[in-house]
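Before any comments, here is the structure.
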Amino acid sequence: MLRAPYNLTQLQAANLHTHADITETMATTPVPSHITLYEFAQVLSRYPATMSALSETNSAPKLAKPDESSELSSEELDLWRLNTLPEVVKARSKPCLMKEELQKLLGCKMARGKRRQALPKLISSNDPSTVTAATTAAFDHLLGVPSPPTTAHIIASLKELTDPLKGVGPATASYILAIMAPDTVPPFSDEAYRWILHSPGREGWGKKIKYDAKEYRTYVEGVKALVERLGGDVTAGEVEKVGFVLGKEGAGFRSTPGPAGATGLSGVDALDAALGLEGGQKTTTPTIPAAPAAPVTESTVTGSTVTGKRKADENRDSEDDAEPSEPRPVQRRRAPAPKRERGR
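Structure (structure tokens):
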């Protein structure tokens with residue numbers, strides 16, 4: 013996990029970049045295969061400011077039954093999700109969610125992304141005992157395996173939530189699982205998904221999302237690949253935050269490596285040394301090489317696709333099901349050659 017909450021003011025004061033370099037870094041989006049630990053820390057440090065700005069532009073989401081969360085800003089709801097709720101859930105003899113907490117968590121998810129007003133009513137229609145039983149089973153499955161959980165175990169835990177609970181699809185279920193395992197379970201946000209699985213030069217931030225278990229599985233694999241490429245110094249939750257920030261900033265993708273940090277140092281050590289903090293040590297690998305994306309096959313996980321008409325409410329999340337087809341090139345007919353007049 014990254015140790016220090018670096019911010020852009022500190023980086024500028026440390027003279028790590030010229031003004032032009034900083035502008036270039038913020039104007040483009042480094043892709044997961046090339047982002048350095050140095051850049052990762054820069055983007056992660058902007059997450060609080062991103063949520064603060066979101067609070068100024070977003071009103072509180074409307075829930076089926078008004079409660080205290082209706083009076084909280086997007087930033088306050090997010091802090092509750094990240095800090096308060098995990099402590100409350102873990103303090104119980106059997107970790108689980110109460111129905112009111114699930115409703116509030118949905119409000120947090122909606123405050124960060126799309127606001128589909130049908131979901132609060134569906135969540136509200138669940139029996140409190142069903143919510144408690146489903147979340148208990150999901151947490152038991154997630155935590156009852158060797159650590160860290162495999163993608164297969166994450167998807168199986170996801171199904172413990174999506175099958176019995178109305179209005180809970182893979183996206184909402186991922187927020188629930190992340191309460192207990194933030195280091196290994198990334199929330200399924202539009203921005204992070206598009207960043208991890210973007211198509212250079214074609215889709216970028218416009219990539220269509222179906223919000224199904226198959227997409228979430230591919231997303232989890234992509235997040236794990238990035239965590240491994242950065243040497244395990246970041247978590248799945250931090251990867252989601254970085255993708256979320258980059259998505260909100262909406263800059264174009266940059267597919268070439270960015271600045272590598274201080275000379276002879278890389279990642280957090282480079283930042284620590286430049287900012288005068290402890291921990292800056294010489295490293296034999298000053299840059300982080302790009303790694304090929306790990307292939308994901310259908311045989312990796314079985315029985316993970318969520319089906320049924322009821323689940324379409326959350327899975328599609330108001331996005332179209334089908335990818336837009338490529339337009340066919342217009343074929344122009346050649347104009348007929350003028351007839352040559354014969355001599356008379």
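For the sequence shown, the tail end lands on 356 under the numbering used here, and the numbers increase by one without skipping. Ideal placement from N, C-alpha and C gives every residue a C-beta, glycine not left out. Only a predicted model underlies this, so the values are computations on that prediction, with no experimental measurement involved.
Member of K220, I47 and S141 whose CA lies at the smallest distance from the CA of L238: Taking only the C-alpha atoms, the option nearest L238 is I47.
Rounded separation between G216 and T148 - CA only: Going by the C-alpha atoms only, they are around 37 angstroms apart.
Proximity of A190 and L170 at Cβ, strictly below 8 angstroms: Not a contact, by the Cβ cut-off of 8 angstroms.
Cβ neighbour criterion (16 or more within 10 Å) applied to D90: With 16 or more other CB atoms across the displayed protein chains lying within 10 angstroms of its CB, D90 is buried.
Buried or exposed by the 16-neighbour rule on C-beta atoms within 10 Å, applied to P168: The question names Pro, yet the displayed sequence has Ala at residue 168. Buried.
Alpha carbon of V197 to alpha carbon of L94, nearest angstrom: Their Cα atoms are separated by approximately 13 angstroms.
Run of the beta strand (DSSP E) containing T41, from where it starts to where it stops: According to the DSSP assignment, T41 belongs to the beta strand (DSSP E) that extends over T40 to P42.
Coil, strand or helix - F200 by DSSP: For F200, the three-state secondary structure derived from DSSP is coil.
Length at least 4, wholly inside the segment 169-199: the alpha helix (DSSP H) runs in chain order: The segment 169-199 contains these whole alpha helix (DSSP H) runs: 182-192.
Residue nearest to E203 in terms of C-alpha spacing, selected from K226, V235 and V180: Comparing Cα-Cα distances from E203 to each of K226, V235 and V180, the minimum goes to V235.
Local conformation of G244 per DSSP, three classes: Per DSSP, reduced to three states, the secondary structure at G244 is coil, with no helix or strand assignment.
Touching by the beta-carbon criterion (3+ pairs, under 8 angstroms), the segment 95-115 and the segment 134-151: The answer is yes - the segment 134-151 touches the segment 95-115, with three or more Cβ pairs under 8 angstroms.
The segment 116-129 in contact with the segment 152-165 per 3-pair CB rule at 8 angstroms: A contact between stretches requires three or more CB pairs, one per stretch, nearer than 8 angstroms, and the segment 116-129 fails this requirement with the segment 152-165.
Buried/exposed call for K253, threshold 16 Cβ in 10 Å: Answer is buried; the Cβ neighbour count reaches 16.
Closest residue to S137 among A61, R127 and L177 (Cα-Cα distance): Here the closest residue by C-alpha is L177.
Cross-strand partners of F265 (DSSP beta bridge): Answer by DSSP bridge pairing, in chain order: T41.
R104 classed as buried or exposed, judged by whether at least 16 other C-beta atoms fall within 10 angstroms: Flag for R104 reads exposed.
Rounded separation between S64 and G249 - CA only: Answer to the nearest angstrom: the Cα atoms are 18 angstroms apart.
Neighbourhood of D195 by C-beta, 8 angstroms cutoff - its chain only, sequence neighbours within 5 removed: Around D195: M13, P160, T247, A248 and G249.
DSSP three-state assignment for G255, whether helix, strand or coil: The answer is helix: DSSP assigns G255 an H, G or I state.
Sub-8 angstroms separation of Y7 and Y231 beta-carbons: The chain is shown from 13 up to 356; residue 7 falls before or after that span and cannot be answered.
Opening and closing residue of the alpha helix (DSSP H) in which Y223 lies: Annotation for Y223: no alpha helix (DSSP H) segment contains it, and DSSP assigns it neither H nor E.
For M122, three-class secondary structure by DSSP: Of the three classes helix, strand and coil, the one that applies to M122 here is helix, per DSSP.
Check whether F265 and T41 have beta carbons under 8 angstroms apart: Cβ atoms of F265 and T41: closer than 8 angstroms.
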